[in-house]
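Below: the structure, in structure tokens.
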Amino acid sequence: MLAAAKAVIDTGVGLDLEGVLAVLRCSDEELPEYLAIAHEVRMTWCGPEVEVEGIVSLKTGGCPEDCHFCSQSGLFTSPVRAVWLDIPSLVEAAKQTAATGATEFCIVAAVRGPDERLMSQLADGVAAIREAVDINIAASLGMLTQDQVDQLSALDIHRYNHNLETARSHFPQVVTTHTWEERWDTLRMVRDAGMEVCCGGILGLGETVEQRAEFAIQLQELDPHEVPLNFLNPRPGTPLSDQPVLDPKDALRAVAAFRLALPRTLLRYAGGREITLGDLGTRDGLLGGVNAVIVGNYLTTLGRSPDQDLALLDELRMPVKALSATL
């Protein structure tokens, strides 16, 4: 399958299910070569720049959904409790994000979908951020109605994040309070409205290797602008609290496989990379297809210092994507 992987460099057409599965099953000895091919695909079809993003939670905790990996669910005994962030704090977070060189600031809320209060606060927050700092604003507010999609489009939200989380066949084992199809419908409406689509998931949720390949192909069908790759960081009080952390080599196999399935897509390091890959694995992934990172902390877990990530990008001679190039 190495020949099929190398062909992606020339064609820009992602691997099919069989090819993705072969990468996910490759031996330890083959893995470095697949990572090198994935890096060449990234450089050919995306270039050397890395997009840096910061995220902040507008509403934390108290979510009515039962996503088994999430400590923000109000149905579990995890220690996270419902908190709202005020507008001045939101603006300060945007300023700090921009100061790292990030071009994208994502406002996240732990909800099934936004109500009128949340949409109003988002609108106020977006207006305040735009007065204070020059940065693209993204949002992640759960499942949307068409009217809410239209409101976000009118606010000029640059990108909307809504993760499918895992393969369609595995989703019912991870979430029972809504369906994979409901998430897909939101993504379709977002795309039709002209916003960029950000959609990825979490690896290590108990899915099989075959389901991991299935997920990559389903993302390929969706063709999102950006795919955030999270790795499960088991949270106390959630149903997956005892799930083992993904093996770092399996995480790197996934990085290579998802890049080879999605040669033209922003592939972003997201939550869990610190505990799964550590410093060396983080470097290997950046040299294996990843071309975007979330800097700083995540929603309920700590990340690496932005200075560490920026220093690594500088060492690898990977320029941070300039804001002007994204407008």
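Okay, so the sequence shown: first residue is 1 according to UniProt numbering, each after it adds one.
Every residue gets a Cβ at the ideal spot worked out from N, C-alpha and C, and that includes glycine.
DSSP state of residue i mapped onto helix, strand, coil
{"i": "Gly19", "result": "helix"}
{"i": "Arg253", "result": "helix"}
{"i": "Val235", "result": "The question names Val, but residue 235 is Arg in the sequence shown. Looking at Arg235 - three-state DSSP - the assignment turns out to be coil, as it is neither helix nor strand."}
{"i": "Phe215", "result": "helix"}
{"i": "Val13", "result": "coil"}
{"i": "Val126", "result": "helix"}
{"i": "Ile37", "result": "helix"}
{"i": "Glu30", "result": "coil"}
{"i": "Val149", "result": "helix"}
{"i": "Gly285", "result": "helix"}
{"i": "Gly142", "result": "coil"}
{"i": "Ser57", "result": "strand"}
{"i": "Val295", "result": "coil"}
{"i": "Val8", "result": "helix"}
{"i": "Thr326", "result": "Confidence at Thr326 is low in this model, with a pLDDT of 36, below 50, so the placement of that residue should be treated as unreliable; the coordinate-derived value is given next. Correct three-state label for Thr326: helix."}
{"i": "Ala261", "result": "helix"}
{"i": "Leu24", "result": "helix"}
{"i": "Thr301", "result": "For Thr301, the predicted structure reports a pLDDT of 46, less than 50, and the residue's modelled location is therefore unreliable. A value from the coordinates is still provided. Residue state, collapsed to three classes: coil."}
{"i": "His3", "result": "At residue 3 the sequence reads Ala, which differs from the His that was named. The answer is helix: DSSP assigns Ala3 an H, G or I state."}
{"i": "Thr176", "result": "coil"}
{"i": "Leu280", "result": "helix"}
{"i": "Val190", "result": "helix"}
{"i": "Ser241", "result": "coil"}
Unbroken beta strand (DSSP E) run spanning residue i, endpoints
{"i": "Phe171", "result": "Taken as a continuous stretch (DSSP letters only), Phe171 belongs to no beta strand (DSSP E), as it is neither H nor E."}
{"i": "Ser89", "result": "Where Ser89 is concerned, there is no enclosing beta strand (DSSP E), although the alpha helix (DSSP H) it sits in stretches over 87-99."}
{"i": "Leu203", "result": "201-203"}
{"i": "Ile157", "result": "Per DSSP, Ile157 belongs to no beta strand (DSSP E) and is neither H nor E."}
Beta-carbon spacing of residue i, residue j below 8 Å
{"i": "Val320", "j": "Val133", "result": "no"}
{"i": "Leu277", "j": "Pro248", "result": "yes"}
{"i": "Arg259", "j": "Val41", "result": "yes"}
{"i": "Gly289", "j": "Asn230", "result": "no"}
{"i": "Ala128", "j": "Val174", "result": "no"}
{"i": "Leu155", "j": "Ala109", "result": "no"}
{"i": "Leu232", "j": "Phe69", "result": "yes"}
{"i": "Ala213", "j": "Leu24", "result": "yes"}
{"i": "Ala311", "j": "Gly281", "result": "no"}
{"i": "Ala138", "j": "Cys46", "result": "no"}
{"i": "Glu207", "j": "Thr179", "result": "no"}
{"i": "Ile294", "j": "Gly54", "result": "yes"}
{"i": "Met143", "j": "Thr186", "result": "yes"}
With 16 other Cβ atoms within 10 Å as the buried cut-off, status of residue i
{"i": "Arg183", "result": "buried"}
{"i": "Ala98", "result": "buried"}
{"i": "Pro263", "result": "buried"}
{"i": "Glu104", "result": "buried"}
{"i": "Glu131", "result": "exposed"}
{"i": "Glu181", "result": "exposed"}
{"i": "Ser140", "result": "buried"}
{"i": "Val13", "result": "exposed"}
{"i": "Gln121", "result": "buried"}
{"i": "Leu316", "result": "exposed"}
{"i": "residue 332", "result": "This structure gives no information on residue 332, because the portion of the chain shown stretches from 1 to 327."}
{"i": "Arg268", "result": "buried"}
{"i": "Gln146", "result": "exposed"}
{"i": "Pro88", "result": "exposed"}
{"i": "Ala256", "result": "buried"}
{"i": "Glu29", "result": "exposed"}
Sheet register partners of residue i (DSSP bridge)
{"i": "Trp184", "result": "Its beta-bridge partners do not exist; DSSP assigns none."}
{"i": "Ser73", "result": "Cys63"}
{"i": "Glu104", "result": "Glu53, Asn136"}
{"i": "Pro228", "result": "Arg268"}
{"i": "Cys198", "result": "Asn161, Glu226"}
{"i": "Val320", "result": "Val50"}
Range of the contiguous alpha helix (DSSP H) that encloses residue i
{"i": "Leu310", "result": "306-315"}
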